[in-house]
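Residue numbers (my numbering): 198 to 570. Glycine residues also receive a C-beta, built at the ideal position from the N, C-alpha and C atoms. In this text the structure is predicted, and so the values were computed from the model without any measurement.
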Ligand code: GDD
Ligand code: MN
């Protein structure tokens, strides 16, 4: 019926696999109604040269090269956004996805005009599986799958699959609601659709990787939990704000501990104790927020010190307000711990609003721009 297909292949350090993917797809799909779009996040292994020479000699092959960015999901989304096809398929570059089921997956869209999603699944019960995965990786994958099923509308046996195809309309419908973070783009699509999608599953067996290595790590696991939390609570409060409040609470505990020890046990004056407690909480909040709350735009290396200085300056202003308010309350015979906590809270509101904008948004861009020749 004349559909056009785009096969989106996220690739990070996959030099040796790239030509193999093209070769295999060309054999399987002899018609000329498809293209292949590699999305390369500025790999350091010579992937770019491989892509360049393929794209020059083969009009089917396109690639996007993203500089200074990483992420499997966002890579796939940008590949789709760059394409004019009717149907987008997503497949890994490492040949772990069994490409021989791809023709049937694409064909299904021609046969069923109502089909919205085709998924390569390892768990349909009709064959397929996870190949040589270790017991613990199988366990984690199954657990993560079950966790996700709490909020899924579309029934899928393998929502963690990164091997699937969607109609363009579904992309248009969901892309603005998507988190675009982490590894699990299919889950992101299904969760963002807000309604059950019409789906067909295709069993396959997950293969062993031959070249290069897996990019799944603890950060990816964290991003998965973030994705779920965002989909569950994100409508009401941004997950980031919840994290900031939690980080703030840990800071508050530290604050009260320091205040209590100095004021109650070391007989330091209240104002001096409150000041020291505020400083300790500031440093700890900066570190916790930088590695958790603002993980995606985390300050590293040379940005860490200017970041801390800017954060301390902003919090310094917050702290003046904080100490003033606490001292005022303390002087009006309000209990020391309540005066301390109330002062810290007033400061925290200021800190969140201003540091989000300055420390984790404006500062990194400004300093990076300056250091460029
Ligand atoms: N552009 C880009 N940027 N590509 C990336 C990035 C990135 O930051 N990280 C990984 N990729 C590419 C890899 O080059 C590979 O082609 C594909 O994404 C999958 O990455 P792997 O590191 O090989 O992932 P895996 O084998 O652990 O996970 C696979 O299995 C999951 C099933 O649980 C992937 O297929 C997942 O999509 C799938 O969900
Ligand atoms: Mn892989």
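- prompt: Excluding sequence positions up to five away, which residues of its chain have a Cβ less than 7 Å from the Cβ of residue 138?
  reply: Limits of the chain in this structure are 198 at one end and 570 at the other, which puts residue 138 out of reach.
- prompt: For residue 535, which of 554, 452, 498 has the nearest alpha-carbon?
  reply: 452
field: Distance CB(residue 413)-CB(residue 380) smaller than 8 Å
entry: yes
- request: Check residue 314 in the structure and name its three-state DSSP category.
  value: strand
Contacts around residue 368, its chain only, beta-carbon distance under 7 Å, and the 5 residues preceding and following it disregarded: 277, 285
- prompt: Going straight from the alpha carbon of residue 205 to that of residue 310, what length do you get?
  reply: 21 Å
- prompt: Residues bridged to residue 231 by DSSP?
  reply: 202
query: Any idea what DSSP makes of residue 300, helix, strand or coil?
result: helix
task: Spell out a yes or no on whether the region 494-503 and the region 527-545 are touching, meaning 3 or more CB-CB pairs, one atom from each, closer than 8 Å.
output: no
- request: Might you give, ordered along the chain, the residues of its own chain that have their beta carbon closer than 6 Å to the beta carbon of residue 293, omitting 5 neighbours on each side?
  value: 403, 404, 406
- request: Could you confirm whether any beta carbon from chain D is found closer than 8 Å to the beta carbon of residue 483?
  value: In the structure shown, chain D cannot be found, because there is only a single protein chain.
Enclosing alpha helix (DSSP H) for residue 216 [first to last residue]: 215-225
- request: Consult DSSP for residue 572 and reduce its assignment to one of helix, strand or coil.
  value: Absent from the structure is residue 572, since the part of the chain shown begins at 198 and ends at 570.
- prompt: So, is residue 559 buried or exposed, given that buried needs 16 or more other C-beta atoms within 10 angstroms?
  reply: exposed
- prompt: Within 7 Å: the Cβ of residue 358 and any heavy atom of the ligand GDD?
  reply: yes
- prompt: Alpha carbon to alpha carbon, how far is residue 251 from residue 280?
  reply: 18 Å
- prompt: DSSP three-state call for residue 561: helix, strand or coil?
  reply: helix
- request: Could you round the C-beta distance between residue 482 and residue 457 to whole angstroms and report it? I think they count as a contact, below 8 Å.
  value: Not confirmed; about 18 Å, so no contact.
message: With the cut-off set at 8 Å, would you say residue 234 and residue 203 are in Cβ contact?
response: yes
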